[in-house]
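Worksheet for the structure shown next.
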Amino acid sequence: MKPIAACVVDASVGIKLFVNEPLSDVALSFFVSAADTPNVRRYVPDLFFVECANVLWKYVSRYGLRPQAAARYLADLHALRLAVIPTSALTQSALKIAMDLSISVYGAFYVATAELLNVPLITADKRLARRLADTKHHVLYLEELVI
């Protein structure tokens, strides 16, 4: 997989590094392909870690993931080479995007971050990818990265 020079990554992609879901192998390849390339930038809004922590909590409470593993996975997410963008300046933009496209404000923060940086958004959220498909927003569904 050829690394994408710069992009925003949402929690649906990041969490797949640690929980076995469809496209987890693609997410791993996506991050590994960029690991040794110094000019590759992966951006996330700061709420990325909140969303990933929530998914890990669900795996602990519903699927038997051990709490120690969840804590380790969250620490490993923080250790990834991600450029974190504060969401505080994006609230108006995210709200407008959410209302215009009928998507969650959480998803809209990723879109707003990508728009701010003029880079594509990479998501494993098929519904979000479909909603953004015929808009001005550049989104790539994780499965599209498979060559």
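Using this note's numbering, you'd call the opening residue of the sequence shown number 10 and step up by one each time. Ideal placement from N, C-alpha and C gives every residue a C-beta, glycine not left out.
**Q.** From His-146, Arg-140, Pro-129, His-87, residue whose alpha carbon lies closest to that of Pro-12
**A.** Of the listed residues, the one whose Cα sits closest to Pro-12 is Pro-129.
Q.
Within the continuous alpha helix (DSSP H) that includes Pro-76, where are the two ends?
A. For Pro-76, the enclosing alpha helix (DSSP H) has its first and last residue at 76 to 88.
Q) Using 8 Å as the Cβ pair cut-off and three pairs as the minimum, do the region 54 to 61 and the region 83 to 98 touch? A) Contact holds: three or more Cβ-Cβ distances are below 8 Å.
Q. Thinking C-alpha only, which one of Glu-124, Ala-133, Arg-136, Val-155 is nearest His-147?
A. Taking only the C-alpha atoms, the option nearest His-147 is Glu-124.
Q. Given a threshold of 16 other Cβ atoms within 10 Å of its Cβ, counted over all protein chains shown, does Ala-142 qualify as buried or as exposed?
A. Burial state of Ala-142 is exposed, judged by a 10 Å Cβ sphere holding fewer than 16 other Cβ atoms.
Q) For Thr-100, which of helix, strand or coil comes out of DSSP? A) Thr-100 falls in the helix class under three-state DSSP.
Q: Please look up how many angstroms separate the CB atoms of Ile-112 and Val-22, rounded, as I've assumed it's under 8 Å.
A: Actually they are not in contact, since the Cβ atoms of Ile-112 and Val-22 sit about 16 Å apart, beyond 8 Å.
**Q.** Helix, strand or coil at Thr-122 [DSSP, three-state]
**A.** Three-state DSSP puts Thr-122 in a helix.
Q | Sequence-distant residues of its chain with Cβ nearer than 6 Å to Cys-61 (five each side left out) | A | Beyond the five residues adjoining it in sequence on each side, Cys-61 comes within less than 6 Å, by CB distance, of Ala-20, Gly-23, Ile-24, Leu-86 in the same chain, given in chain order.
Q | Selected residue, minimal CA-CA separation from Ala-98, among Lys-145, Ala-14, Ala-121, Asp-134 | A | Ala-98 has its Cα closest to that of Ala-121, out of Lys-145, Ala-14, Ala-121, Asp-134.
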